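**Student:**
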Amino acid sequence: MRRNHLIAAAGICLALIVYATLARLAGRPALMGHSEAYWIVVIERFSAYGLLGFLLAFLLPGRLVLACSLVLAVAMGLEVLQALTPDRDPGFLDVLQKAAGGTFGVILAQTILAFLPRPPA
Numbered sequence: 001m002r003r004n005h006l007i008a009a010a011g012i013c014l015a016l017i018v019y020a021t022l023a024r025l026a027g028r029p030a031l032m033g034h035s036e037a038y039w040i041v042v043i044e045r046f047s048a049y050g051l052l053g054f055l056l057a058f059l060l061p062g063r064l065v066l067a068c069s070l071v072l073a074v075a076m077g078l079e080v081l082q083a084l085t086p087d088r089d090p091g092f093l094d095v096l097q098k099a100a101g102g103t104f105g106v107i108l109a110q111t112i113l114a115f116l117p118r119p120p121a
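Okay, so the sequence shown: first residue is 1 according to full-length UniProt numbering, each after it adds one.
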């Protein structure tokens with residue numbers, strides 16, 4: 001049952017990230033309004049991908065490289081798709097911010113998993 005909840009949470013998180021990344025600029029959700037400071041946008045990206053990485057790491061315990069690769073693939077893929085949206089502009093710095101957030105989330109979850117008691121075999 002716990003795994004189903006993690007899958008649902010990761011799916012919802014991914015759907016929200018896809019929507020925020022590919023939606024028209026006027027329809028994009030914004031934390032502090034559409035005239036928000038750049039550092040707010042960086043925190044939004046970092047934390048959204050951090051949560052995705054965290055959830056993926058719990059779904060894939062012990063598979064650090066796979067979880068990081070999935071987060072990086074999502075970040076790069078959505079940034080490439082963003083080039084097809086007329087009023088959005090992809091950027092390499094955006095990918096780096098998203099990848100850093102996702103990697104941080106994966107490492108945080110793997111660290112937590114290392115200290116959790118293992119069920120008996």
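We put the CB at the ideal spot given by N, CA and C, even for glycine.
Since the structure is predicted, the reported quantities are computational estimates derived from the model, not experimental observations.
Looking at C-beta atoms only, is the number of pairs between the segment 58-68 and the segment 94-114 that lie closer than 8 Å three or more?
**Tutor:** Enough Cβ pairs lie closer than 8 Å, so yes.
**Student:** Among the candidates L72, L93, L55 and V71, whose CA atom is the shortest distance from the CA of A9?
**Tutor:** Along the sequence shown, one-based indexing puts residue 9 at 9. Among L72, L93, L55 and V71, the Cα nearest to that of A9 belongs to L55.
**Student:** Verify whether the separation of the beta carbon atoms of G102 and L59 is less than 8 Å.
**Tutor:** For the purposes of this step, residue 102 is identified with residue 102 of the sequence shown, where counting begins at 1. For the purposes of this step, residue 59 is identified with residue 59 of the sequence shown, where counting begins at 1. Contact: no.
**Student:** Return the first residue and the last residue of the alpha helix (DSSP H) that A67 is part of.
**Tutor:** As a first step, residue 67 is located in the sequence shown; it is residue number 67 there, counting from the start. Per DSSP, A67 belongs to the alpha helix (DSSP H) from L64 to Q82.
**Student:** With respect to the alpha helix (DSSP H) encompassing A114, which residues constitute its N-terminal and C-terminal limits?
**Tutor:** Here residue 114 is taken as the residue at index 114 of the sequence shown, counted from 1. Start and end: F92 to F115.
**Student:** Three-state secondary structure (DSSP) at T85?
**Tutor:** Here residue 85 refers to the residue found at position 85 of the sequence shown. It is coil, neither helix nor strand.
**Student:** I'd like to know if the segment 15-26 and the segment 40-52 are in contact, where contact means that at least 3 CB-CB pairs between them fall below 8 Å.
**Tutor:** Verdict: yes, contact present.
**Student:** Quick one: is A83 buried, meaning 16 or more other Cβ sit within 10 Å of its Cβ, or exposed?
**Tutor:** Mapped onto the sequence shown, residue 83 falls at position 83. A83 is exposed by the Cβ-count criterion.
**Student:** Suppose contacts are defined by Cβ-Cβ distances below 8 Å. Is A99 in contact with V71 by that definition?
**Tutor:** Locating residue 99 in the sequence shown gives position 99, where the first residue counts as 1. Locating residue 71 in the sequence shown gives position 71, where the first residue counts as 1. In this structure, V71 lies closer than 8 Å to A99 by Cβ.
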